[in-house]
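Chains as they are written, first to last, in our numbering: chain A, 1 to 428; chain B, 1001 to 1269; chain C, 2001 to 2120; chain D, 3001 to 3541. Structure first, then comments.
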Amino acid sequence: MQIEAAICAFCGCLCDDIVLTIESDRIVQAKNACALGKAWYTAHSRPPDLPAARVDGKSVEVEEAIEAAAILLTKARYPILYGLSSTSCEAQRHAVALAEALGGCIDCCTSVCHGPSGMAVQGFGEPTCTLGEVKNRADLVIYWGSNPAESHPRHMSRYAVTSKGRLTPNGRKNRTVVLVDVRSTPSSRFADLLLTVRPGIDFEILWALRALVLGRKVEPAGLAETGITLAQLTHLAELMKNCRYGVLFAGQGLTQSAGNQMNLSAAILLVRDLNQFTKFAIIPMRGHGNVTGVDQVLTWQTGYPFGVNFSRGYPRFNPGEFTMVDVLRRKEADAVLSVASDPAASLPAEAVQRLTEVPLIAIDTHESETTRLARVSFMASTVGIRASGTAYRMDNVPLFLKQALTSIYPSDEEILGRLLERVRELKA
Amino acid sequence: MIRLALKTRPDLPLEADTIRPDYFAQKTEAEIAKLPVLHGNQFCALGDFFNVRGGASDQLVLEGDLAQVKRIGTGMEYGQITIHGNAGMHLGAGMRAGEIVVFGDAGDWAGAEMCGGKIHIHGNAGHGLGGAYRGSRHGMNRGMILVEGNAGNETGSLMRRGLVAVRGDVGEFAGAFVIAGTLIVFGSLGRRAGAGMKRGTIVAYQQPELLPTFTFDCVYQPLYLRLILQTLQLEGFSIEEEWRTGAYRRYSGDLNALGKGEIFVYDQH
Amino acid sequence: MADNTFTLITGRSGAQGTGISWGKEGEGYREAVQLVELNPADMECLGLQEGDAVRLISRYGATEALCRPGNLPTGLAFMAFGPVANQLTGAETRASGMPDTRGFEVRLEPVLNRRGVDKR
Amino acid sequence: MIRILNGEVYDPINGIAGEVRNLYICDGRISSQDAGGRTIDAAGMVVMPGGVDMHCHIAGPKVNTARKLRPEDHRAHEIAKTPLSRSGTFGSVPTTFATGYRYAMMGYTTAFDAAIPPLAARHAHEELNDTPVIDKGFFLLMGNNEFIMERIAAGEKEEVRHFAAWLLQAAKGYAIKLVNPGGVELWKSRSNAHTLDDEVTGFQITPRQIIQSLAEVSEELSLPHPVHIHCNNLGIAGNWETTLETMKALEGRRGHLTHIQFHSYGGNPGESFSSKAAEMAEYVNAHPNLSVDVGQVMFGDTTSLTGDGPLGYMLHQVTGCKWVNVDIENEAGCGITPIEYKEKNSIHATQWAIGLEWFLLVQDPWRVVLTTDHPNGASFTLYPRIIRLLMDREYRKEMMRNVNQKALAQTTLPDLEREYTLNEIAIITRAGPARLLGLQDKGHLGVGACGDVTIYEKNADWEKMFAAPRYVIKDGQVLIEDGHLRGETYGRTFYVSPAYDPAIEGKIRKFFDDYYTVRYENYPVQLEHYLPRPEAIPCRV
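Next comes the structure, spelled out in structure tokens:
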């Protein structure tokens, strides 16, 4: 059997042109998918090899695990729900309701990937566009602190570099591509202009670019540490001002380096300034398949995109106070529910330490450091392969992920829905 | 005077925005002990965590390590709080008047978005001191914050009015996007100070690394700085005589913003 | 690199990315997250060959990794995101929620008499 | 089953204006039979159909981006969860739950989001599904759709119609919406449309052609609501001429001109700013094919969020506040920026006065609708205050004393003595919008109508009366009582499903291959998944 126009939910590109070949309930081919997508499709269509639910390492009925998880969570007085970047919006909606019912915190992978972008948007706004405008219009594409060849392998071909559109009928020939990074990566060879900068000085460079774009004086001494000359920057500033439609793709090299939200603030202000002269947009290179969706869901339900606390029965927001790494590092969390994420393998060791000290519940589609560590763990069907649901692309375009194979485990949506129901009963 | 001595250390964050002299002024000891505080996600009584002695006063003394106790004195409108120990996050955030003295460290966002009054921290302050919460148009808007130790990132960010003085070092982005007001740092001023500042003054006593959008103007003796240093001296900050009489290098910026801000760097020569 | 001090950059790599799907026990993933890439000149300076084990020490912790020459400037070290690099990263977020995961100092010490397995 | 006895009933569609009557609700609908059930003694109370907001921004990408943009606007404006309701935050752009509850608390049971880009229709539906109590739907942005512009340029009128029908079906939208026709497309190359006859670069057509084509399509498809137009040049001094041109361009076809207040300015940009409401109201009075909603400005802090990208940029330039712009491929755009309307600001005072002039100068209340273009002019939560301004001349005069006097004096507002009656309020807040939307069982209390009833306790202060109804009944269920939520319910989603020639699909598919980044197959909204309580409103041929 073949499925046309399937959507790969591994990364924020959500490529929706995948052709799946299915034989006896397995995906044997994922045409058009990149290496990351192929691995995702193949790995997630493996037959189940783990029990659907475990408590203290022992296989149990899902219902029993729901009960155990609900009791652990309702007993906690500062629980935190975390992850949610690789699941559906339908599951995320339940997760927010669950955090609310528990009076806990809820945070998503955003806080450790593009949370700084979110904070910068809250400070200064965001001139942006959907990826189709990049395809149709962009004649200048800048990747800053991003290595799309390895993080989003089809980003350049489907959307930003070689793709052809209304005002870019010749694709690559119609565009100038600039890469700014601290090292050479597999993406470097796609660039017309490669700026290798010293680590941790993105703010200074962006700030100097702003000044150049605005025609202000720049003190060359201030650039001494950047690895970049004033002449190089002046050239880039001119490219930016003189393009027809420019797009700056902001990677984690900006959000995770010293300056964090201020780097993104600088990038946004630069793009804002450029709109005095031309059209320019900024798009954060969101990583996980639906990390953009969880920001959306949290925002429409609480007003805030990540780092939300419900201790008082209503949502409050404060990155640094209610965000996962902080709540763990300060040893405040007294129970953790991880959904569709692997904090034990992805957070700094000092934060992971807390996961070993408190009741940990994990819902994921496969075994991970976190599921192994968890008191209660659930195996869930992967959204887009064995479950359906909504996901938002990195440019906030919503898509419906269809189920391709039979469901072997309950979905995150079902597990969270049942957990929510049980928690509400226990709390009543 | 009212004394609150911590008797039970909270094992979760304790939100004590009811610890305010203006709330206590008209209450008896028993009433104060019954005021709600939020422990984790459960409301408890202040008396569950503190021994309360005294009532009907706007003079408060807190004792114990209150590093886990958030929101002490937030929004207060008059009175005085003295803390013998550390204070948690949001100390005096949004306060309008009155005074808070901490003989210990304070957590992040001390004095954030305050619009009057005075905070004197004898230990270190955290990040966002006198700064702005995410999304806000401005941070501190009147009032004074004095820190004897160090302070973290974004000290005085988006400040609109007021004075922040730090005896020790401050982190990155001190005075970022300041609209007006004064920030004095006697230790080392972290990188990117004054980024995006429109107006306002930052004073440094060690040569900082400045952004390329600040330009050197001249060396002179700003009269207004003498007055501020005098004020600080009256507040108990020890001020070297040559700081008052000495010359300062003036840099103006941020050219990416209005460019009417100034960074003064003490010139020993 | 007289004092063996490098700036460590963490990030996505292709093998680490596919490893996320395959589960983190897979050979490919374990290898990918245990590599530290260095400039060849820096390696030579330290007397390191591809596949040699090195100990990395940051202000937050320490770990061991296998080195590999990479196309990056001298003084820089690169590791893929993962549990090995996480031993070096810091959980301090400076009131931002974002931990210290990129662009911090590490000290690098060759581990004597131990070599990782060279795949080829 | 509910019996509402002895209430003073205002049901303008059925010609009832304050008669004391009994009402019965059976199986969620108004019934002629008293089937018993709970009895509400409404003696001395005012009974009206549930309110209908025909133009607000409550869901979808730009609303959510505005929420995300402004944490400072939510802080200290929270609502806590209760056993029956979810928590949320307010400020100018409330969360979905807060939005639904708040409309209900005000006695409104229906609201339409006015501007959804088709590419984000799925998002809008997701949010509407988290918006409790009210029935809802949305208008679909088509005024800058590149497929439509190409077809207009090619003279393929039929194809425009088929495509519009396909798009409404694909998105599960309710009506055709134009926002700055042609201008948003031009903004993508940093330009704008300034007159109806500017050329839209790359398409060799004009805003006039877009307006005429889509007005015609709306009629040909017999959509329940006519073309809904946000004219070119919103907010710009002297724009009244563009607005009048737009009205004339309709050539007698039905058309709804939205937030007309923002389009009624005389003067010259940067020099002068004045009211042209009187002249324009006269035109509307004489042309029964036209209807308007006001988009009243109220003083205070709010967020401007618009599908009109160049307008967003202009406002950002004026205020210096944070700014979001989104260009949406092949279809639309948006602009968002916080804004504070100040009484002493001459432009803001003029805008406030113009809105009130419109209400007081349009003779036929069936063709003028109460809106604030929430949250652009003000939050929908201020509707009760606007009602008081319309009903209470003395209050209005008192408020006029606070505003910039010089600006006020240049409008006709000080001379307008009219006071709205309760019956007229019932028209501009429910009967009129329901009729303009083509909702047959909304906005009235005749037999078979939805059991949406709002019961107010009389109060000399009209604002207080309308802000807190004693009872709000939705589909026959008492949901609000004395300001408290008594039940949990989610309303229906209205959409239309006009027929089209499937031959168009091949052309659309080709267009998707060329210019979109999503596949044709993945574009349409799955009815069964995204509309849990769908109601297709028929297109009457």
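Note that the Cβ used here is the ideal one computed from N, Cα and C, for glycine as well. Remember, predicted model here, so these are calculated numbers, not experimental data.
Run through chain B and tell me which residues come within less than 9 angstroms of residue i, C-beta to C-beta.
i                         : result
glutamate 3072 of chain D : Ala1132, Tyr1133, Arg1134, Gly1135, Ser1136 and Arg1137
Can you tell which of the options has the C-alpha that lies nearest to the C-alpha of residue i?
i                          : options                                       : result
aspartate 25 of chain A    : A/Asn396, A/Ile408, A/Ala120 and A/Ala428     : A/Ile408
isoleucine 3347 of chain D : D/Phe3262, D/Ile3428 and D/Leu3250            : D/Phe3262
serine 85 of chain A       : A/Ser184, A/Val291, A/Thr21 and A/Leu270      : A/Val291
arginine 158 of chain A    : A/Ile3, A/Thr382, A/Gly313 and A/Leu14        : A/Leu14
tryptophan 3240 of chain D : D/Val3093, D/Ile3354 and D/Trp3187            : D/Ile3354
aspartate 3197 of chain D  : D/Leu3439, D/Asn3233 and D/Phe3163            : D/Asn3233
histidine 1122 of chain B  : B/Thr1245, B/Glu1235, B/Tyr1251 and B/Ala1005 : B/Glu1235
methionine 394 of chain A  : A/Ala65, A/Phe249, A/Ile268 and A/Gly384      : A/Phe249
leucine 194 of chain A     : A/Arg312, A/Leu223, A/Leu236 and A/Leu209     : A/Leu236
Please list the terminal residues of the continuous alpha helix (DSSP H) segment that includes residue i.
i                            : result
glutamate 3158 of chain D    : 3157 to 3171
arginine 93 of chain A       : 89 to 102
histidine 3316 of chain D    : 3309 to 3319
arginine 3102 of chain D     : 3096 to 3105
tyrosine 2029 of chain C     : 2027 to 2033
phenylalanine 203 of chain A : 202 to 213
glutamine 232 of chain A     : 230 to 242
alanine 1045 of chain B      : Alanine 1045 of chain B -> not in any alpha helix (DSSP H); beta strand (DSSP E) instead, spanning 1042 to 1045.
Run through chain B and tell me which residues come within less than 7 angstroms of residue i, C-beta to C-beta.
i                      : result
tyrosine 78 of chain A : Leu1012, Pro1013, Gly1040 and Asn1041
Taking only three categories from DSSP, how would you classify residue i?
i                            : result
asparagine 3064 of chain D   : helix
alanine 9 of chain A         : coil
threonine 2010 of chain C    : strand
threonine 3246 of chain D    : helix
glycine 3333 of chain D      : strand
aspartate 364 of chain A     : strand
valine 3047 of chain D       : strand
phenylalanine 124 of chain A : helix
methionine 1095 of chain B   : coil
alanine 53 of chain A        : strand
aspartate 2118 of chain C    : Confidence at aspartate 2118 of chain C is low in this model, with a pLDDT of 43, below 50, so its placement is unreliable and the value that follows should be read with caution. Note: aspartate 2118 of chain C maps to coil in three-state DSSP.
histidine 1138 of chain B    : coil
aspartate 3364 of chain D    : coil
proline 186 of chain A       : coil
leucine 1276 of chain B      : Any question about residue 1276 of chain B goes unanswered here, given that chain B covers just 1001 to 1269.
Kindly indicate the opening and closing residues of the beta strand (DSSP E) around residue i.
i                         : result
aspartate 3113 of chain D : 3108 to 3116
tyrosine 3024 of chain D  : 3016 to 3026
threonine 1082 of chain B : 1080 to 1084
arginine 2055 of chain C  : 2052 to 2057
lysine 3081 of chain D    : Premise fails: lysine 3081 of chain D is in no beta strand (DSSP E) and is neither H nor E.
glutamate 3185 of chain D : Per DSSP, glutamate 3185 of chain D belongs to no beta strand (DSSP E); it is in the alpha helix (DSSP H), 3183 to 3187.
Residues of chain A with CB closer than 8 angstroms to the CB of residue i, please, in chain order.
i                         : result
histidine 3123 of chain D : Gln296, Tyr392, Asn396 and Pro398
leucine 2072 of chain C   : Val182, Arg183 and Ser184
In chain B, which residues lie less than 8 angstroms from residue i when you measure between Cβ atoms?
i                       : result
alanine 2095 of chain C : Asp1108, Trp1109, Gly1126, His1127, Gly1128, Gly1152, Asn1153 and Glu1154
Show which residues of chain A have a CB atom less than 9 angstroms away from the CB atom of residue i.
i                       : result
alanine 1176 of chain B : Met262 and Ser265
Name, please, each residue of chain C whose Cβ falls closer than 8 angstroms to the Cβ of residue i.
i                      : result
proline 111 of chain A : A small correction: the amino acid at residue 111 of chain A is serine; proline does not occupy that position in the sequence shown. Result: Gly2097 and Met2098.
Which chain A residues sit within Cβ distance under 7 angstroms of residue i?
i                      : result
lysine 3322 of chain D : Gly123, Phe124 and Gly125
Quiz prompt | Contact list for the segment 1231 to 1243 of chain B against chain A, Cβ threshold 7 angstroms | solution = Within the segment 1231 to 1243 of chain B, no residue qualifies.
Exercise. Can you give me, in chain order, the residues of the segment 1110 to 1128 of chain B that have a beta carbon less than 8 angstroms from any beta carbon in chain C?
Key: If the cut-off is 8 angstroms between Cβ atoms, the segment 1110 to 1128 of chain B has Gly1126, His1127 and Gly1128 near chain C.
Quiz item: Listed in chain order, which residues of the segment 173 to 184 of chain A have Cβ atoms closer than 9 angstroms to some Cβ of chain C?
Solution: Residues Val182, Arg183 and Ser184.
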